[in-house]
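Novice: Under full-length UniProt numbering, think of the first position of the sequence shown as 1, with each following residue one higher.
For glycine and all other residues, C-beta sits at the position ideal for the given N, C-alpha and C.
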Amino acid sequence: MENRLEAFLEVIPELKEILQDDIAVAVADTKKFIYYRDGDSINLPIKVGQGLNPEEPLYKSIKEGKVLSVIVPKELFGVSFKGISYPIKDSSGNIIGGVAIGKSLNKQFKVEEVAENIFSSLQQTSASIEEVATDSQRLSSSMNSIVNATQKTEEKIKETDTILNLITSVSSQSNLLALNAAIEAARAGEAGRGFSVVAGEMRKLSQMSSESSKKVSQLLLEMRNSIDEVIKEISNTNMIAESQAAATEEITATLEEITSNSKELVDMSKVVW
1 MENRLEAFLE
11 VIPELKEILQ
21 DDIAVAVADT
31 KKFIYYRDGD
41 SINLPIKVGQ
51 GLNPEEPLYK
61 SIKEGKVLSV
71 IVPKELFGVS
81 FKGISYPIKD
91 SSGNIIGGVA
101 IGKSLNKQFK
111 VEEVAENIFS
121 SLQQTSASIE
131 EVATDSQRLS
141 SSMNSIVNAT
151 QKTEEKIKET
161 DTILNLITSV
171 SSQSNLLALN
181 AAIEAARAGE
191 AGRGFSVVAG
201 EMRKLSQMSS
211 ESSKKVSQLL
221 LEMRNSIDEV
231 IKEISNTNMI
241 AESQAAATEE
251 ITATLEEITS
261 NSKELVDMSK
271 VVW
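1) For the 8 Å Cβ check, are there 3 or more pairs between the region 251-267 and the region 118-131?
2) Tell me, which residues are paired with residue 89 by DSSP?
3) Excluding sequence positions up to five away, which residues of its chain have a Cβ less than 8 Å from the Cβ of residue 132?
4) Assuming residue 79 and residue 42 make a contact with CB atoms under 8 Å, what is their CB distance in whole Å?
5) Is residue 260 helix, strand or coil by DSSP?
6) Nearest-angstrom Cα distance between residue 136 and residue 129?
7) Considering only DSSP beta bridges, list what residue 81 is partnered with.
8) Can you list, in chain order, the residues of its chain with a C-beta nearer than 7 Å to that of residue 86? Leave out the 5 residues immediately preceding and following it.
9) By DSSP's criteria, residue 24 is part of a beta bridge. Which residues make up the other side?
10) What does DSSP give as the partner residue(s) for residue 35 in the beta ladder?
11) How long is the line joining the alpha carbons of residue 157 and residue 231, rounded to whole angstroms?
12) Is it right to say residue 39 is buried, meaning 16 or more other beta carbons lie within 10 angstroms of its own, or is it exposed?
13) What does DSSP give as the partner residues of residue 51 in its beta bridges?
14) May I have the straight-line CA-CA distance separating residue 272 from residue 34, to the nearest angstrom?
15) Is residue 46 helix, strand or coil by DSSP?
16) If you reduce the DSSP assignment to three classes, tell me which class residue 40 lands in.
17) Buried or exposed for residue 262, please, with buried defined as at least 16 other CB atoms from any protein chain shown within 10 angstroms of its CB.
18) Under three-state DSSP, which class holds residue 56?
19) Taking DSSP as the reference, what is the three-state secondary structure of residue 230?
20) Put residue 67 into one of helix, strand or coil per three-state DSSP.
21) Whole angstroms is fine: what's the gap from residue 250's alpha carbon to residue 138's?
22) Would you grab the beta carbon distance between residue 224 and residue 154 for me? Rounded to a whole angstrom, and I think it's under 8 Å.
23) Cutting at 7 Å between CB atoms, please list the residues of its own chain near residue 144, excluding the five before and the five after it.
24) Quick one: grab the DSSP three-state call for residue 273.
25) Between the Cα of residue 150 and the Cα atoms of 222, 112, 22, 234, which residue gives the shortest distance?
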């Protein structure tokens, strides 16, 4: 029995260096502690030669001959750790003692906290990106509506060309009639004086109609050019909006994958060895 426990005592002191972790280790025979070493942050009220407490997991592990595991809350010893107790048997299978290892959970809790913060941040970012994507799609839809409305306006302006052509034609015909009337009035002499006045007024009306038609035509041409520029700019903006919508969809898909991975990280960080 002595040789078996002594073998453990030779290996146990090196366990911390092997594991490179914050652990406390205790070894006991069936009645008392024969070895104890604090961890970096785990300091337990255990002394060599101290008797085992029937309520302690190590005592129960030795008595029951099985491995026991327990999570010790921070409130008891100032640090949260996981304790695992193993029974030690001799070559005949008889229980001759036990070893208890306490592993600090500080790092795990920090990893868990960081993982949860990352997960939460990614969720918020994903929500924001989805809002941007939705807004981009709405902007693209609005731009399409504006383009359609502007194109309809341009078509209406084009329809006025027919009316202007008609006005120009009427003006030309009125001018021609006025000219013919003036000629006939001149032939009639004194008798055609009243008719001559009417012919003059018709000529003035024809000239005014012609000038107004030209001005309106010029204004409509400028409006059409302006509308063409507006359509061009709106089309460019629409292309940018569509490109943004596509880009945000790709970003959203990537963030969803990252969020899923971070959720796995959160779940893994909660698994205590």
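Specialist: With the given structure in hand:
1) yes
2) 95
3) 244, 248
4) The C-beta distance from residue 79 to residue 42 rounds to 6 Å, short enough to meet the 8 Å contact threshold.
5) helix
6) 10 Å
7) 72, 104
8) Residues of the same chain with a CB within less than 7 Å of the CB of residue 86, apart from the 5 flanking positions on each side, are 61, 67, 98, 99 in chain order.
9) 102
10) 27
11) 15 Å
12) buried
13) 32
14) Confidence at residue 272 is low in this model, with a pLDDT of 48, below 50, so the placement of that residue is unreliable and no value is reported for it.
15) coil
16) Coil, per DSSP.
17) buried
18) coil
19) helix
20) coil
21) 17 Å
22) 6 Å
23) 238
24) Residue confidence is low: residue 273 scores 49 on pLDDT, short of 50, so the model does not pin down where it sits. Its coordinate-derived value is still stated next. Here residue 273 sits in coil by DSSP.
25) 234
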